[in-house]
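For reference, the structure discussed in these notes is given below.
2 protein chains.
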Amino acid sequence: MPQYKAPLRDMQFVLHELLNAEEHYAKLPAFQDTVSRELVDQYLEAAADFCENELSPINQSGDREGCTWNDGVVTTPTGFKEAYQKYIELGFPSLSAEEQYGGQALPVSLGNVISEMVGTANWAWGMYPGLSHGAVRTLEHHGSTEQKDAYLPNLVSGVWTGTMCLTESHAGSDLGIIRTKAEPQADGSYAITGEKIFISAGEHDMAENIIHIVLARLPGAPKGTKGISLFIVPKFNLNADGTVGERNAVRCGSIEHKMGIHGNSTCVINFDNAKGFLIGPENRGLNCMFTFMNTARIGTAVQGLAASEGAFQGALTYAKDRLAMRSLSGVKAPEKEADPIIVHPAVRNMLMTQKSFAEGARALVYLLSLHADIVEKGATEEERKSSDNILSLLTPIAKAFLTETGSESAKHGVQVFGGHGFISEHGMEQIVRDTRIACLYEGTTEIQALDLLGRKVLGTQGAMLKDFTKIIHKFCDANKDNADLKEFLEPLAALNKEWGDLTMQIGMKAMQNPDEVGAAAVDYLYFSGYVTLAYLWARMALVAQQKLAEGSTETGFYNAKVTTARFYFKKILPRVRSHVEVISGGLEPLMALDADDFAF
Amino acid sequence: MPQYKAPLRDMQFVLHELLNAEEHYAKLPAFQDTVSRELVDQYLEAAADFCENELSPINQSGDREGCTWNDGVVTTPTGFKEAYQKYIELGFPSLSAEEQYGGQALPVSLGNVISEMVGTANWAWGMYPGLSHGAVRTLEHHGSTEQKDAYLPNLVSGVWTGTMCLTESHAGSDLGIIRTKAEPQADGSYAITGEKIFISAGEHDMAENIIHIVLARLPGAPKGTKGISLFIVPKFNLNADGTVGERNAVRCGSIEHKMGIHGNSTCVINFDNAKGFLIGPENRGLNCMFTFMNTARIGTAVQGLAASEGAFQGALTYAKDRLAMRSLSGVKAPEKEADPIIVHPAVRNMLMTQKSFAEGARALVYLLSLHADIVEKGATEEERKSSDNILSLLTPIAKAFLTETGSESAKHGVQVFGGHGFISEHGMEQIVRDTRIACLYEGTTEIQALDLLGRKVLGTQGAMLKDFTKIIHKFCDANKDNADLKEFLEPLAALNKEWGDLTMQIGMKAMQNPDEVGAAAVDYLYFSGYVTLAYLWARMALVAQQKLAEGSTETGFYNAKVTTARFYFKKILPRVRSHVEVISGGLEPLMALDADDFAF
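Protein sequences, first through last, are from chains A and B. UniProt numbering puts the first sequence at residues 1 to 600. UniProt numbering puts the second sequence at residues 1 to 600.
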């Protein structure tokens with residue numbers, strides 16, 4: 001069973017050395033007096049301790065036991081409840097919530113860094129507090145004062161948890177066609193009726209109350225996405241004094257049997273004239289939800305990072321330990337009956353791939369998290385707007401690309417273990433199963449790709465992309481005299497330019513037929529992901545070179561950064577060539593076949 | 001739950017129209033009087049009926065129930081035993097076995113075609129008779145007359161099953177370091193002691209007796225692979241009259257909890273001075289095993305084909321049925337609340353990918369199966385040798401490339417279903433889990449890649465590769481005036497040439513450092529796989545064009561072949577570009593990092 005070890009050194013490298021988080025916090029009025037490097041490091045160490053010692057040990061048992069459903073009651077795996085109590089005691093749920101309701105008002109970015117640790121140690125467990133977070137933010141942004149007062153203190157402290165009840169069996173990502181109804185009642189509340197599916201943490205035994213945020217239609221609401229409103233529907237109604245009262249007509253009809261995240265309850269939730277309360281304006285429910293779609297999607301990107309890191313840790317330990325065959329270039333461990341498998345180039349290739357994805361993903365997630373801080377707390381509108389643009393462009397890339405590369409890393413984790421990778425006790429196959437959902441929920445890879453290419457890139461006539469390619473261009477330009485960086489900057493600059501050209505090429509075709517966007521989108525997303533990570537790897541190499549030049553004694557650590565950057569550029573980045581060529585193949589080969597002629 | 005439907009039309013296309021199987025059988029003395037098209041089709045229909053109606057319905061329940069172990073006794077899932085009885089009654093186990101022992105002496109190729117159906121309908125179940133097959137062939141080729149008489153009739157009829165007990169916990173693919181011992185006894189038998197792991201179908205409740213074929217070391221045997229001998233170790237010793245006697249000291253210590261193929265028992269088998277009998281010469285056990293390594297690996301390649309076909313069938317049905325979003329190029333199903341998802345290019349891309357992999361895999365597996373017939377029953381030594389060379393080259397490609405593309409198809413199956421793909425009842429995630437083992441057992445993808453590039457290609461100074469590229473070259477040349485084929489033949493001819501150049505380039509580097517082979521091998525294997533399938537798709541397109549030109553009324557079927565070939569060339573084949581560029585990156589980026597510096 002793999003034991004999670006928080007990669008604190010690398011987290012600090014990304015936060016402090018690559019992204020200058022301390023300076024970043026100092027520039028934000030909300031944090032400049034409260035958030036110091038010491039405070040950040042203190043939180044990281046406390047979270048690392050909790051994740052390594054409380055969450056990691058119940059990851060595998062949680063998968064094996066799973067959740068159980070009995071007549072509407074859901075029991076979580078052994079130890080989940082106790083770990084959640086400790087999590088509350090340590091104050092983690094309230095980290096980034098507003099002070100007024102008991103929050104610590106710390107940056108979202110710090111929360112995301114901690115999420116990485118929680119998620120790598122035990123993703124299924126981490127979803128319980130994770131979903132609460134969405135409910136808290138919905139209430140913070142769209143709730144009335146009365147609603148905030150009633151629900152936020154207990155959600156912020158973690159005594160209650162929350163959910164997001166969006167989709168329905170027939171609807172999937174197409175929320176415009178949901179059918180759940182909300183009938184206005186004489187007392188100003190609404191009677192909510194309908195069935196929601198895929199409700200993560202929808203029912204469980206870890207909290208006193210569960211506050212559901214529910215999408216539903218008012219009578220006579222317009223068809224489609226413009227006729228959906230948002231409601232608060234508590235599992236237990238509240239008494240006049242705010243304490244937990246009688247049971248509301250909300251019931252968990254069943255839990256899903258699924259590929260992974262067995263420790264998390266994925267519920268069918270039935271609302272049968274349940275009492276609910278409108279949040280935000282009528283028929284604007286989807287707009288309210290979209291306020292923090294970016295942050296929710298970054299939260300899912302973290303799952304990809306977690307998969308890459310977790311699979312890398314497991315595979316690395318095994319590859320150093322396991323003996324098989326002799327190196328083709330001569331015996332490496334003559335005292336042993338075979339060489340450790342890390343000597344074999346194919347094994348190294350998998351390990352380096354995992355490492356470059358994990359560390360690259362960390363850089364991207366943290367970068368976006370700092371931008372999310374600015375979007376929320378930036379000093380000027382201009383700063384906020386600028387960060388929002390970058391976030392809007394890079395979020396679908398992070399969500400889709402990091403979850404796909406996370407899946408790939410997880411696959412390599414199994415492969416490094418050989419046949420043993422298929423066996424549950426080694427923990428590698430669980431990562432494959434757990435992380436598979438990340439490419440599906442919060443918008444599939446295909447939907448992220450359409451969001452990126454259709455809405456963000458072509459929808460802004462390329463403006464949003466240009467903002468980002470300009471940043472890359474400036475970075476390349478500023479370092480063009482650095483001979484040590486040339487091996488990275490030359491290909492990066494060329495691909496950065498090609499990114500624009502490729503966009504233009506697709507844009508021209510799309511004017512003839514909008515389906516060309518759908519045909520190109522996924523490959524375009526991969527291209528964008530590989531280039532974005534190349535930019536971050538070049539930046540990491542630069543920082544490492546600078547530290548070495550300054551005489552750092554951590555030569556192993558910094559040399560590894562440069563070596564991994566080189567690996568990424570030589571062995572991963574060439575994948576863009578196929579994506580470019582596939583894009584040039586266009587739409588026709590996909591659409592030529594009549595739907596009836598796929599099989600005979 | 002997906003219901004398997006045998007793709008008989010496509011199977012017949014590949015067998016009869018692409019590969020002219022009838023003519024092939026007519027040329028082989030062993031089959032020319034017995035095997036007709038009618039007989040083949042009759043077997044296919046009988047197998048399709050059995051697979052669709054007996055095996056497919058217990059595929060999902062078998063996964064859910066799994067096997068259970070209780071004090072050495074293994075119980076298979078509900079219905080497995082009964083289906084096995086029917087399989088025996090229908091005579092399938094004896095299909096390709098020798099007549100002398102009750103076999104039907106039919107071609108191996110026919111057996112493989114039937115394996116495809118069995119494996120797609122229920123891979124876990126299919127492994128029970130599948131492993132027997134290995135034991136039968138070992139006995140047929142290496143057993144003494146006495147041994148054959150004692151064990152073959154009941155194995156051939158299927159009343160007993162067999163296993164292959166090769167690896168041990170510390171050994172994996174490195175069989176040279178196994179420790180199981182065989183001590184000669186006064187009566188000519190051997191006392192076998194040791195623990196074998198990953199023994200598929202090692203213990204179960206489906207047969208009267210289980211005949212284990214076991215690798216073990218004689219006292220004083222040379223170290224490594226040259227000191228391993230092969231033994232027959234029955235679960236029940238035989239009485240003097242050949243009937244099942246007392247229990248041998250063979251015990252199933254436990255079964256593995258694993259990612260997939262839950263319906264198959266993967267056993268730890270303990271031999272504690274068990275009575276065994278030497279097969280073949282002392283210390284030549286591995287050589288005996290290698291006799292049919294190619295056919296065993298083709299058997300695993302079938303699992304990749306099965307995954308592509310099964311995932312394609314499930315995804316296609318869903319994509320036509322499921323409604324979500326509107327087509328970007330305008331509403332396609334105005335009478336419905338959304339369009340069926342098959343209208344979306346990204347969904348089509350996944351379906352076409354699955355289709356091109358499934359049908360391409362079928363062509364490759366059947367092609368190799370016909371060569372396997374010739375290797376065994378060819379009229380002349382020259383024919384046998386020629387087919388053996390092609391088989392030796394293409395087997396690692398088929399095994400690794402088809403199982404990897406099968407995994408990819410399975411992934412797309414989940415993705416087409418969106419969130420529902422993660423839910424067990426839809427059956428897509430089971431295919432991902434079941435097929436994951438195919439890239440691991442019978443030699444991992446990495447081991448196949450080394451076998452291909454190191455042993456088969458460079459080890460013959462390119463001769464084996466040249467034999468095959470010459471075939472492709474001749475095909476291109478023979479059809480160079482066919483304007484309709486130009487779109488396929490031009491890229492194919494170019495890649496065929498590049499295959500040789502790439503080999504030369506790697507060969508030169510490998511002279512400096514043999515690890516360059518390991519660094520290039522996996523990408524080289526993918527390159528080889530994509531080109532091999534391109535060759536087969538071009539041939540399929542040619543056949544389809546000819547049928548259309550001849551005025552066939554099956555225009556939908558044949559047009560789909562041409563369209564799918566075009567898709568493959570435009571949207572799949574460009575992947576070779578990345579592999580070529582990654583190969584050119586060489587060994588250095590993989591090996592530069594010290595093993596201690598992978599993580600801090």
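Here a beta-carbon is modelled for each residue, glycine too, at the ideal position from N, C-alpha and C.
Rounded to whole angstroms, A/G119 and A/E168 show a C-alpha spacing of 26 angstroms.
Note on B/I471: under 16 other CB atoms within 10 angstroms of its CB, so exposed under the neighbour-count rule. Contact annotation: B/A494 and B/I506 have beta-carbon atoms that are not nearer than 8 angstroms.
Judged by beta-carbon spacing, B/S94 lies within the 8 angstroms limit of B/V156, meaning their Cβ atoms are closer than that value. Between B/E425 and A/H257, the beta carbon gap of about 7 angstroms places them in contact (Cβ cut-off 8 angstroms). By the Cβ neighbour-count rule, A/R247 is exposed, with fewer than 16 other Cβ atoms within 10 Å of its own.
Not flagged as an interface residue toward chain B: A/K547, since no C-beta distance is shorter than 8 angstroms. Straight through space, the alpha carbons of B/N53 and B/E203 are spaced by roughly 26 angstroms.
Using a Cβ distance threshold of 8 angstroms, A/L452 and A/I397 count as a contacting pair. If only uninterrupted beta strand (DSSP E) runs of at least 3 residues are considered, those enclosed by the segment 189 to 233 of chain A are 190 to 200 and 209 to 216. Residues P396, K399 and A400 of the same chain have their beta carbon placed closer than 6 angstroms to that of B/Q448, with the five preceding and five following residues left out of the count. Residues D272, N273 and A274 of the same chain have their beta carbon placed closer than 6 angstroms to that of B/A249, with the five preceding and five following residues left out of the count. Counting along the chain, the unbroken alpha helix (DSSP H) around A/A83 starts and ends at F80 to E89. From the beta-carbon of A/H412, no residue of chain B is found nearer than 8 angstroms; the closest lies around 11 angstroms away. Listed by position along chain B, the residues whose Cβ is nearer than 8 angstroms to that of A/Q415 are C439, L440, T444, T445 and E446. Among the bridge pairs identified by DSSP, A/A182 is matched with A/I192. For B/A534, no Cβ of chain A is located within less than 8 angstroms of the residue's own Cβ.
In this structure, B/A538 and A/P7 do not form a Cβ contact; the two beta carbons are roughly 48 angstroms apart against a cut-off of 8 angstroms. When beta bridges are read from the DSSP output, B/M164 appears opposite B/I213.
In its chain, beyond the 5 residues on either side, T120 and I431 have a beta carbon closer than 6 angstroms to the beta carbon of A/G310. Boundaries for A/S36: no beta strand (DSSP E) harbours it, and the DSSP string shows neither H nor E there.
Close partners of A/H257 in chain B (Cβ separation under 9 angstroms): R64, I423, S424 and E425.
Inclusion of B/M350 and B/H412 in the CB contact set at 8 angstroms is warranted, their separation being smaller than that value. Residue A/T145 holds the alpha-carbon nearest to the alpha-carbon of A/Q100 among A/T145, A/I88 and A/T76. DSSP places A/I431 in the uninterrupted alpha helix (DSSP H) bounded by M428 to R436. One finds D597 and F600 in chain B with Cβ atoms closer than 9 angstroms to the Cβ of A/F557, taken in chain order. When 9 angstroms is used as the limit between beta carbons, B/S327 is near these residues of chain A: P514, D515 and G518, in chain order.
Using a 10 angstroms sphere on the CB of A/N20, the tally of other CB atoms stays under 16, which defines it as exposed. B/N270 has a beta carbon lying at 8 angstroms or more from every beta carbon in chain A. Within the model, the alpha-carbon separation for B/S356 versus B/E22 is close to 25 angstroms. Counting along the chain, no alpha helix (DSSP H) covers A/F422, and no H or E run does either.
Cβ neighbours of B/K332 within its own chain (closer than 7 angstroms, five residues either side excluded): D339 and V343. The segment 76 to 92 of chain B makes no contact with the segment 286 to 304 of chain B, as fewer than three CB pairs between them are under 8 angstroms. Runs of alpha helix (DSSP H) with 4 or more residues, each lying fully within the UniProt domain "Acetyl-CoA dehydrogenase-like C-terminal" (468 to 594) of chain A, are found at 486 to 512, 515 to 549, 555 to 567, 576 to 584 and 588 to 591, listed in chain order. When the beta-carbon positions are compared, A/L278 and A/Y190 come within less than 8 angstroms of each other. A straight-line Cα-Cα distance of about 12 angstroms links A/V73 and A/I269.
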